[in-house]
Amino acid sequence: MLPHFQQLRQLLRQEKEADHQAFLSMVREKPLAERVEQGYTWYPLQVVSTGFALNEKAFVIVERTARLNAPHQLRSGQPVSLFSNAPQAEDPTQSGIIHFVERNRMKIILHARDVPEWIQAGQMGVDLLFDDRSYHEMDRALDKVMQAKGNRLAELRSLMTEPRKHEAKRFKTTQEHATGALSEAFDPHLLSDSEENTPVNTPFAQLGLNPSQQMAVAAMLHNPDLAIIHGPPGTGKTTTLVAGIKALAKTESTVLVAAPSNTAADLLTERLAAQGLNVVRIGNVSRVDESVLEHTVDALLSAHPEAKNIKKVKIAAADFRRQAGKFKRNFGAEERHERQHLKKQARELDAWARTLEDRLVDEILSAAQAIICTLVGAAHPLLEKRQFRTCVIDEAAQALEPACWIPIIKCQRVVLAGDPFQLPPTVKNHDAARKGLSVTLIERCLEALPDLVSLLTVQYRMQQVIMDFSNQYFYAGALMAHESVAQRALLSPETQVAEQGVTFIDTAGCGFEEKMQANAVALHRNPSRFNPEEATLLRDHLSQWLQAHGYSNDSVPETAQSLPSIGILSPYREQVNHLEALLQEDTYLQPFMADYITINTIDGFQGQERDVIYISLVRSNEKHEIGFLQDYRRMNVAMTRARMMLVVLGDSATIGQNAFYQQFMDYCAEYGAYRTAWEFMG
Numbered sequence: 001m002l003p004h005f006q007q008l009r010q011l012l013r014q015e016k017e018a019d020h021q022a023f024l025s026m027v028r029e030k031p032l033a034e035r036v037e038q039g040y041t042w043y044p045l046q047v048v049s050t051g052f053a054l055n056e057k058a059f060v061i062v063e064r065t066a067r068l069n070a071p072h073q074l075r076s077g078q079p080v081s082l083f084s085n086a087p088q089a090e091d092p093t094q095s096g097i098i099h100f101v102e103r104n105r106m107k108i109i110l111h112a113r114d115v116p117e118w119i120q121a122g123q124m125g126v127d128l129l130f131d132d133r134s135y136h137e138m139d140r141a142l143d144k145v146m147q148a149k150g151n152r153l154a155e156l157r158s159l160m161t162e163p164r165k166h167e168a169k170r171f172k173t174t175q176e177h178a179t180g181a182l183s184e185a186f187d188p189h190l191l192s193d194s195e196e197n198t199p200v201n202t203p204f205a206q207l208g209l210n211p212s213q214q215m216a217v218a219a220m221l222h223n224p225d226l227a228i229i230h231g232p233p234g235t236g237k238t239t240t241l242v243a244g245i246k247a248l249a250k251t252e253s254t255v256l257v258a259a260p261s262n263t264a265a266d267l268l269t270e271r272l273a274a275q276g277l278n279v280v281r282i283g284n285v286s287r288v289d290e291s292v293l294e295h296t297v298d299a300l301l302s303a304h305p306e307a308k309n310i311k312k313v314k315i316a317a318a319d320f321r322r323q324a325g326k327f328k329r330n331f332g333a334e335e336r337h338e339r340q341h342l343k344k345q346a347r348e349l350d351a352w353a354r355t356l357e358d359r360l361v362d363e364i365l366s367a368a369q370a371i372i373c374t375l376v377g378a379a380h381p382l383l384e385k386r387q388f389r390t391c392v393i394d395e396a397a398q399a400l401e402p403a404c405w406i407p408i409i410k411c412q413r414v415v416l417a418g419d420p421f422q423l424p425p426t427v428k429n430h431d432a433a434r435k436g437l438s439v440t441l442i443e444r445c446l447e448a449l450p451d452l453v454s455l456l457t458v459q460y461r462m463q464q465v466i467m468d469f470s471n472q473y474f475y476a477g478a479l480m481a482h483e484s485v486a487q488r489a490l491l492s493p494e495t496q497v498a499e500q501g502v503t504f505i506d507t508a509g510c511g512f513e514e515k516m517q518a519n520a521v522a523l524h525r526n527p528s529r530f531n532p533e534e535a536t537l538l539r540d541h542l543s544q545w546l547q548a549h550g551y552s553n554d555s556v557p558e559t560a561q562s563l564p565s566i567g568i569l570s571p572y573r574e575q576v577n578h579l580e581a582l583l584q585e586d587t588y589l590q591p592f593m594a595d596y597i598t599i600n601t602i603d604g605f606q607g608q609e610r611d612v613i614y615i616s617l618v619r620s621n622e623k624h625e626i627g628f629l630q631d632y633r634r635m636n637v638a639m640t641r642a643r644m645m646l647v648v649l650g651d652s653a654t655i656g657q658n659a660f661y662q663q664f665m666d667y668c669a670e671y672g673a674y675r676t677a678w679e680f681m682g
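Here it is in structure tokens:
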């Protein structure tokens, strides 16, 4: 048991060191001019304004005075250091977090109650800092888990690491039991605004839940220790979780909901709020999407009638501190007494403001039916003394195991949701990944505790032919396409014959050789790859297909009403860059680009879907090397984004040496279409 966590802790430290060293070589060890050139530093700057945010923090807004509109690496939520190179500035650095970046302007929430006086000295700049908070919180969580003894955390630790010692307790989620559990938990109007593809022929149609989803929700409600929701692509995992959390909120004061990314946490916040739950989103406002800002603690505090009074008190306290810090030529007993008096007044005002703010925050959190945060965000000081009956961890298959223990520490029971056959967590150190850091908690539990797993089996996204290869390879044929999507297809406008659901276009023998990103070494980045000829073939196929279906670029708004949504994906960022430039330069395709065609990496596109998906595999070489195409989970994500048509371009001579890709090509030949690139080359 404990050796597992000791190993995890060692691997996590190994990963942190690798991450830190990469950051140092890429950013901190470079001279100022080079950092500025590569976008890791803004310099020089001018101060636009300063002020006070909530939670006793000052802020400063700065603006670039050179390299206007130049690309850069600074984003909201990143830790930075504000500095001055002016010779008269004393101790001229102050750390903070970027609140927003808008073209040449940036707002920084400082880790200080007051704005430093040296910002008026000039020669200002902002440097990107290494963010080690997540590593610190994961290490801290592992330490608590290892130290747990004779308490609920120790029981959960034992269940999830030594399952053979436990007789798994499980609510019997037969359909009959699920029906009873849901009848007790829900009123008839639970999900009246559910997704448009919700089934309508189930006993719980008004809930928007199919039988497998009903049983998953029942498991969330009644499994006493752990429930595992396995949600393959398109099976309505988020809908299921929202239903389960809403039901839990009827019997528990507050449910803790966590996810590895801010994007996933924001989606859950939005969906739960739409169901009428009182939700609070915990986290740095700079990392929260605008659509859910109103649910953050900062926004809820600002909207409170007492917020203006708190801000006035903080400003008064800051003014007393400034007066106390003023230089005086003659400094005697009277001046010393005055300074002490001013400092005392500042302390008293700060304490008053803090007391008022703490009381309001406590009211907000206590009234919440669901508190939502990232996994690392569960360690937020606002949650330090709070305990929960249940924590729900979404996208658990994308989370490092140490991160999952951060919210688990605060709870009595756990719901893990995700799919280990989609994108894994990112581990930068290959040795740490090989030794087990990339193995997630949900993966271990799926294997060790199969009796606690609820598999969602009905998918509402893909037609049958697109779904079936993934279904057979990853899910042992357990999935079924709902009748509303199983046979839907794009129709040829002239013949009304359905387009092939899956097509593989083989570039073998065409001389389409992959190329390496030219400046990767200079930028201290792992080199990305691209295949310009394959990109051109994709562009030509897309143009021919759109034109054959009568889509005119002269009247895009009218045309687009019937235009299928299109996504173009590649595992390689450099190929994405190449495709974006190529399609933007195309006079026929360019009018469609802004609103109707999306180009992205597979990783960046997870969670989205389109009517038509193109995938450019890029790899084409004499050594038959396919790099991280060997991570089939990434391909599972890519192939399952398509609703009605999937087109994959690749070199069979390179990828065909791999059993997975050979099986896929055989599947296309039997159930879809297998074409050669020569057919589309003029």
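So the sequence shown is numbered by our numbering: it starts at 1 and just counts up by one. Note that CB positions come from ideal geometry on N, CA and C, so glycine has one too.
So, at 6 Å on beta carbons, what are the nonlocal neighbours of Asp193 in its own chain, with the 5 sequence-adjacent residues on each side left out?
The pLDDT assigned to Asp193 is 36, lower than 50, so where the model puts this residue is not dependable, and the model offers no usable value.
State the beta-bridge partners of Asp127 as determined by DSSP.
Paired residues: Thr41, Ser81.
If I follow the unbroken beta strand (DSSP E) through Gln147, where does it start and stop?
Counting along the chain, Gln147 falls outside any beta strand (DSSP E), though it belongs to the alpha helix (DSSP H) covering 133-147.
Is the CB-CB distance between Val485 and Gln517 below 7 Å?
Contact: no.
If we count Cβ pairs, one from each stretch, closer than 8 Å, do we get three or more for the stretch 296-306 versus the stretch 404-418?
Because the criterion of three Cβ pairs below 8 Å is not met, the stretch 296-306 and the stretch 404-418 do not touch.
According to DSSP, which residues form a beta bridge with Cys373?
Looking at the DSSP assignment, Cys373 forms a beta bridge with Ala258.
Run the proximity test for Ile393: is its beta-carbon closer than 6 Å to any non-hydrogen atom belonging to the ligand FMN?
What this structure holds is no ligand at all, so the ligand FMN is not there to describe.
Which residues bound the alpha helix (DSSP H) around Tyr614?
Unbroken run through Tyr614 is the beta strand (DSSP E), 610-616; no alpha helix (DSSP H).
Using 7 Å as the threshold, is the C-beta distance between Ala53 and Phe59 below it?
Result yes, Cβ atoms of Ala53 and Phe59 sit closer than 7 Å.
Rounding to the nearest angstrom, what Cα-Cα distance links Asp540 and Phe680 in this structure?
Roughly 7 Å between the two C-alpha positions.
Could you compute how far the alpha carbon of Thr240 sits from the alpha carbon of Ala396?
Distance between the alpha carbons of Thr240 and Ala396 is about 15 Å.
Strictly by DSSP, which residues pair up with Asn577?
For Asn577, which the question treats as bridged, DSSP gives no partner whatsoever.
Assign Glu15 to one of two classes, buried (16 or more other C-beta atoms within 10 Å of its C-beta) or exposed (fewer than that).
Looking at its Cβ environment, which holds 16 or more other Cβ atoms inside 10 Å, Glu15 is buried.
Once the 5 residues before and after Thr640 are set aside, which same chain residues still bring their CB inside 6 Å of it?
Taken in chain order, the residues that qualify are Pro233, Ser470.
Using the three-state DSSP reduction, which class does Thr93 fall into: helix, strand or coil?
The answer is strand: DSSP assigns Thr93 an E or B state.
Starting from Glu63, follow its DSSP beta bridges and name the residues at the other end.
Gln46, Arg105, per the DSSP bridge assignment.
Starting from Ser470, follow the alpha helix (DSSP H) in both directions and report where the run begins and ends.
Unbroken alpha helix (DSSP H) run through Ser470: 464-475.
In terms of alpha-carbon separation, which member of Leu142, Gly418, Val465 lies closest to Arg643?
Looking at the Cα atoms, Val465 is the closest of the given residues.
Measuring only the C-alpha atoms, how far is Asn197 from Met480?
At Asn197 the pLDDT is 40, less than 50, meaning the model places this residue with poor confidence; the figure from the coordinates comes in the next sentence. If I take the Cα positions, the gap works out to 14 Å.
Going by CA-CA distance only, name the one from Phe592, Thr161, Lys250, Glu117 that's closest to Ala367.
Here the closest residue by C-alpha is Lys250.
Between the Cα of Pro87 and the Cα atoms of Asp114, Gln94, Glu117, Gln123, which residue gives the shortest distance?
It is Gln123.
Would the beta-carbon of Tyr572 fall within 7 Å of that of Val618?
Contact flag set, yes.
Give me the residue from Thr440, Leu268, Gly150 with the minimum Cα distance to Gly276.
Ranking the options by Cα distance to Gly276, first place goes to Leu268.
Is it a yes or a no for the stretch 610-625 touching the stretch 642-662, going by three-plus beta-carbon pairs under 8 Å?
Because the criterion of three Cβ pairs below 8 Å is met, the stretch 610-625 and the stretch 642-662 touch.
Less than 7 Å separating the beta-carbons of Ile371 and Ile282?
In contact: Ile371 and Ile282 (Cβ atoms closer than 7 Å).
Taking only the alpha-carbon atoms, compute the straight-line gap between Ile626 and His430 and give it to the nearest angstrom.
Straight-line Cα distance between these residues: approximately 17 Å.
Using CA atoms only, rank isn't needed, just tell me which of Val502, Asp362, Ile406 is closest to Asp468.
Answer by Cα proximity: Val502.
Taking its Cβ as the centre, do 16 or more other Cβ atoms sit within 10 Å of Arg103, making it buried, or is it exposed?
The residue in question, Arg103, is exposed, as its Cβ has fewer than 16 Cβ neighbours within 10 Å.
So, at 7 Å on beta carbons, what are the nonlocal neighbours of Leu45 in its own chain, with the 5 sequence-adjacent residues on each side left out?
If we look at Leu45 and ignore the five residues flanking it on each side, its Cβ neighbours are Val62, Glu63, Arg64, Thr65, Met124, Gly125, Val126.
Suppose you measure from the CA of Gln73 to the CA of Arg529; what does that come to, to the nearest Å?
Using only the alpha carbons, I get a separation of about 21 Å.
Please list, in chain order, all residues of the same chain as Gln663 whose beta carbon is under 6 Å from its beta carbon, the five residues on each side excluded.
Excluding positions up to five away in sequence, the list is empty.
If I measure Cβ to Cβ from Ala18 and keep anything under 6 Å in the same chain, skipping five residues before and after, which residues do I get?
Counting only Cβ-Cβ distances below 6 Å, and skipping sequence neighbours, we find Lys428, Asn429.
Three-state secondary structure (DSSP) at His341?
Helix, per DSSP.
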